[in-house]
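A short write-up of the structure that comes next.
There are 2 protein chains.
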Amino acid sequence: MRNVARKQQEPKASSGTLARPYRIEEQIGYLLRRAHQRASAIFQVTIGDPNITPTQYSSMVKLNEYRELSQNLLGRLVGMDKATMQGVVRRLKERGLVDSRPDPGDARRTLLSLTTEGQRIVNRLLLNGPAVSRETLKPLNGAEQRQLLDLLSKIV
Amino acid sequence: MRNVARKQQEPKASSGTLARPYRIEEQIGYLLRRAHQRASAIFQVTIGDPNITPTQYSSMVKLNEYRELSQNLLGRLVGMDKATMQGVVRRLKERGLVDSRPDPGDARRTLLSLTTEGQRIVNRLLLNGPAVSRETLKPLNGAEQRQLLDLLSKIV
DNA sequence: CCCATATCGTTCGTGTACGTACGATGACCC
DNA sequence: GGGTCATCGTACGTACACGAACGATATGGG
Numbered sequence: 001m002r003n004v005a006r007k008q009q010e011p012k013a014s015s016g017t018l019a020r021p022y023r024i025e026e027q028i029g030y031l032l033r034r035a036h037q038r039a040s041a042i043f044q045v046t047i048g049d050p051n052i053t054p055t056q057y058s059s060m061v062k063l064n065e066y067r068e069l070s071q072n073l074l075g076r077l078v079g080m081d082k083a084t085m086q087g088v089v090r091r092l093k094e095r096g097l098v099d100s101r102p103d104p105g106d107a108r109r110t111l112l113s114l115t116t117e118g119q120r121i122v123n124r125l126l127l128n129g130p131a132v133s134r135e136t137l138k139p140l141n142g143a144e145q146r147q148l149l150d151l152l153s154k155i156v
Numbered sequence: 157m158r159n160v161a162r163k164q165q166e167p168k169a170s171s172g173t174l175a176r177p178y179r180i181e182e183q184i185g186y187l188l189r190r191a192h193q194r195a196s197a198i199f200q201v202t203i204g205d206p207n208i209t210p211t212q213y214s215s216m217v218k219l220n221e222y223r224e225l226s227q228n229l230l231g232r233l234v235g236m237d238k239a240t241m242q243g244v245v246r247r248l249k250e251r252g253l254v255d256s257r258p259d260p261g262d263a264r265r266t267l268l269s270l271t272t273e274g275q276r277i278v279n280r281l282l283l284n285g286p287a288v289s290r291e292t293l294k295p296l297n298g299a300e301q302r303q304l305l306d307l308l309s310k311i312v
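Read top to bottom, the protein sequences are chains A and B.
Take the first sequence: its position 26, counted from the start at 1, is 26 in the numbering used here, and no numbers get skipped.
Take the second sequence: its position 133, counted from the start at 1, is 289 in the numbering used here, and no numbers get skipped.
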């Protein structure tokens with residue numbers, strides 16, 4: 001394999017100060033993006049249903065806990081803004097996993113709930129949920145796993 | 157404010173075992189998604205140019221280190237697959253920040269480089285890069301910041 | 001030299017993610 | 001009870017993210 005372009009040139013040296021050089025690979029935002037990519041990939045192959053995404057899963061889990069929620073409140077509970085939530089809910093409704101009815105007490109709201117099929121599916125997926133987390137955290141030992149979850153909780 | 161729908165019902169109790177209950181808010185994938193969202197939001201308001209996204213920034217930083225890179229190799233260096241890279245590069249080229257030429261030694265490849273304008277911009281953004289990371293890690297003390305970066309590096 | 005295989009970049013489709021703007025509705029206060 | 005302000009859901013535009021399929025090109029083995 002020609003690899004002329006593979007390592008043509010080393011990165012330019014950092015500035016001459018004693019300060020730590022700025023490497024994109026060591027920045028928190030970059031690492032979070034990569035870690036999130038990996039976690040999503042593991043979810044996809046481990047959760048046991050290729051048609052369910054992480055956000056759809058967390059939405060369904062929340063709807064399984066609270067039996068009925070407005071779209072906006074569900075969004076706050078799972079950390080999605082209303083525009084994003086709109087698309088997630090639309091797709092779940094199109095597949096018959098989620099149902100909706102107008103809130104009888106507030107005409108602005110739509111109450112969402114899982115259909116019987118949605119309940120059946122989320123209960124099946126919940127069996128694999130722990131395996132997804134276990135696989136994602138596999139490179140770390142027990143203490144490190146707890147540390148990471150703790151530190152991430154603090155910055156969220 | 158009516159809050160009938162706000163806390164209608166507590167989440168159902170977990171199963172009766174001693175095992176830790178499965179809470180979506182404690183799962184690594186969920187936390188990574190939320191943390192990444194927050195980091196992106198901080199990037200957007202701190203980097204100093206509302207038109208530059210995190211992925212565009214890391215691509216430009218890499219192109220500033222290596223003077224010329226194929227699109228595919230750049231993607232591997234910044235952790236984006238080729239389909240995603242295609243869009244990022246297209247937008248940077250449309251704005252005149254990146255230029256391309258055919259690789260004289262390999263007709264499959266396109267060599268990318270920063271334009272003078274692109275270099276000017278990335279050097280300005282690099283001044284704010286440390287502030288983005290500092291702000292994102294602000295809830296943690298120094299030791300915790302290093303731990304988090306270390307743990308994330310291990311699972312990426 | 002030729003063929004199987006791999007890589008490179010593009011395109012298409014689906015799905016987050018969010019800013020902004022909008023109309024409808026509700027809450028609050030004078 | 002009427003006006004102001006907030007909230008709810010929707011719509012549109014832009015941007016990542018990736019699987020799958022594709023044509024062009026390169027490589028390595030027989």
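For each residue, glycine too, the CB sits at the ideal point set by N, CA and C.
- Taking a beta-carbon distance threshold of 8 Å, Q71(A) does not count as an interface residue toward chain B.
- Using a Cβ distance threshold of 8 Å, L281(B) and I208(B) count as a contacting pair.
- Taking a cut-off of 8 Å on C-beta distances, the stretch 16-32 of chain A touches the stretch 207-222 of chain B, as three or more cross pairs fall below it.
- Your pair L270(B) and L225(B) does not check out as a contact, with CB atoms roughly 10 Å apart and the cut at 8 Å.
- Within the same chain, L270, Q275, V278 come within 7 Å of N220(B) by CB-CB distance, once the 5 residues on both sides are set aside.
- Look at the stretch 134-155 of chain A: the residues with a C-beta under 7 Å from a C-beta of chain B are T136, L137, P139, L140, E144, Q147, L148, L149, L151, L152, S153, K154, I155.
- Within the same chain, and ignoring the five residues on either side of K218(B) in sequence, the residues whose Cβ sits closer than 8 Å to its Cβ are L225, L230, L233, V234.
- Among the residues facing chain A, S214(B) is included, as its CB has a counterpart in that chain under 8 Å away.
- Listed along the chain, the chain B residues whose CB falls inside 7 Å of the CB of A35(A) are L188, L308, I311, V312.
- Taking 8 Å as the CB threshold, A287(B) stays off the interface with chain A.
- Per DSSP, the continuous beta strand (DSSP E) segment holding T266(B) begins and ends at 266-270.
- Just so you know, the alpha carbons of Y22(A) and V288(B) end up roughly 12 Å apart.
- The beta carbon of Q183(B) falls within 8 Å of a beta carbon belonging to chain A, placing the residue at that interface.
- Distances from the alpha-carbon of L304(B) to those of A191(B), R176(B), A175(B), E181(B) put A191(B) closest.
- Neighbours of P54(A) across chain B, judged by C-beta separation under 9 Å: G185, Y186, R189.
- V312(B) carries a coil assignment under DSSP once its states are collapsed to helix, strand and coil.
- With distances taken between CA atoms, I47(A) lies nearest to T136(A) out of T136(A), L152(A), G105(A), A83(A).
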